[in-house]
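Participant: After the structure tokens below, expect a handful of questions from me.
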Amino acid sequence: DAGVIQSPRHEVTEMGQEVTLRCKPISGHDYLFWYRQTMMRGLELLIYFNNNVPIDDSGMPEDRFSAKMPNASFSTLKIQPSEPRDSAVYFCASTFTGGPSTDTQYFGPGTRLTVL
Amino acid sequence: KQEVTQIPAALSVPEGENLVLNCSFTDSAIYNLQWFRQDPGKGLTSLLLIQSSQREQTSGRLNASLDKSSGRSTLYIAASQPGDSATYLCAVRRFGGAQKLVFGQGTRLTINP
């Protein structure tokens with residue numbers, strides 16, 4: 001398997017623009033997570049899905065952030081409108097809870113977002 | 117609220133030394149604890165996962181221990197190599213907290229040849 005795939009790897013945009021980050025989890029995994037990593041706050045969980053259903057979005061900073069998972073192989077994280085303080089690395093991760101590696105989360109390479 | 121702390125924030129040691137990284141957590145009601153490695157510009161890679169009922173896990177030169185009652189975990193790296201240079205993060209999953217992980221800030225490890 002190719003692992004968790006994220007696109008784009010780098011995104012530079014101007015304040016006020018809409019940003020969409022994409023994630024393809026590992027095939028067969030039933031949980032998908034979106035994290036944000038900054039120097040100041042470290043790694044924070046934004047939202048996670050189980051079988052395409054959002055379970056906990058308490059980490060989403062505000063209404064400007066939204067996430068969807070229309071099917072088991074694709075998820076998006078959207079920021080509209082973007083602000084400079086949203087600049088961070090956004091990671092997607094997935095896990096499968098039915099096998100011997102239960103709870104091991106597999107991370108994608110991340111999307112480095114810069115909002116000017 | 118669960119808080120995870122890793123001290124020191126950075127560590128530099130000569131190649132070949134054995135070393136210990138520390139992780140502490142405030143709420144002992146955890147389901148499991150994981151250690152991850154993060155290379156610059158990359159995602160996280162899971163190294164070891166310790167269930168709450170376990171005391172330690174080993175993988176090659178790595179050994180992770182867990183003491184729930186004191187809220188502590190250590191990652192022991194034997195015979196360190198320059199390739200071990202990375203940031204190491206620990207994360208805990210709260211008991212009853214579904215799949216939600218709380219991460220420490222990490223320890224940036226540098227192994228000098």
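Going line by line, the protein sequences match chains R and W.
The first sequence lines up with residues 1 to 116 when you count with this note's numbering.
The second sequence lines up with residues 117 to 229 when you count with this note's numbering.
The beta carbon of each residue, even a glycine, is placed where N, CA and C say it ideally should be.
None of the values given here were measured: they were computed from a predicted structure.
1. Assign residue 11(R) to one of two classes, buried (16 or more other C-beta atoms within 10 Å of its C-beta) or exposed (fewer than that).
2. So is residue 216(W) in contact with chain R if we call contact Cβ pairs under 9 Å?
3. Would you grab the beta carbon distance between residue 209(W) and residue 126(W) for me? Rounded to a whole angstrom, and I think it's under 8 Å.
4. Rounded to whole angstroms, how far is the Cβ of residue 166(W) from the Cβ of residue 149(W), which I believe are closer than 8 Å?
5. Quick one: residues in its chain with C-beta nearer than 7 Å to the C-beta of residue 107(R), no 5 flanking neighbours on either side, listed in chain order?
6. Who are the near neighbours of residue 229(W) in its chain, counting only those whose CB is closer than 7 Å to its CB and skipping five residues on each side?
7. Whole angstroms are fine: how far does the CA of residue 183(W) sit from the CA of residue 226(W)?
8. For residue 16(R) and residue 78(R), what's the separation of their Cα atoms in angstroms?
9. Using a Cβ-Cβ cut-off of less than 9 Å, list which residues of the stretch 135 to 164 of chain W approach chain R; keep chain order.
10. Under a three-way DSSP split, which group does residue 159(W) fall into?
11. Indicate whether at least one CB of chain W lies closer than 9 Å to the CB of residue 91(R).
12. Using the beta-carbon count (16 or more within 10 Å), is residue 25(R) buried or exposed?
13. Please go through the stretch 38 to 107 of chain R and give each complete beta strand (DSSP E) segment of 3 or more residues, from N-terminal end onward.
14. What residue range does the beta strand (DSSP E) around residue 228(W) cover?
15. Hey, residue 115(R) and residue 13(R): beta-carbon distance below 9 Å or not?
16. Check whether the Cβ atoms of residue 83(R) and residue 64(R) lie closer than 9 Å to each other.
17. Spatial neighbours of residue 44(R) within its chain, please: C-beta separation below 7 Å, excluding the five flanking residues on both sides.
18. Express the C-alpha separation of residue 151(W) and residue 203(W) in angstroms, rounding to a whole number.
19. Assign residue 130(W) to one of three DSSP states: helix, strand, or coil.
20. Identify whether residue 117(R) lies in helix, strand or coil by the three-state DSSP scheme.
21. Which word fits residue 189(W), buried or exposed, when buried means at least 16 other C-beta atoms lie within 10 angstroms of its C-beta?
22. Let me know the secondary structure DSSP gives residue 183(W) once reduced to three states.
Facilitator: Reading off the structure:
1. buried
2. yes
3. With 8 Å as the limit, residue 209(W) and residue 126(W) do not qualify as a contact, their Cβ atoms being about 26 Å apart.
4. 5 Å
5. 4, 91 and 93
6. 131 and 198
7. 26 Å
8. 13 Å
9. 147, 148, 150, 152, 154, 157, 158, 159, 160, 161 and 162
10. coil
11. yes
12. buried
13. 42 to 50, 53 to 56, 65 to 71, 74 to 79 and 88 to 95
14. 223 to 228
15. yes
16. yes
17. 35, 36 and 59
18. 11 Å
19. strand
20. Residue coverage of chain R in this structure runs from 1 to 116, which leaves residue 117(R) outside it and unanswerable.
21. buried
22. strand
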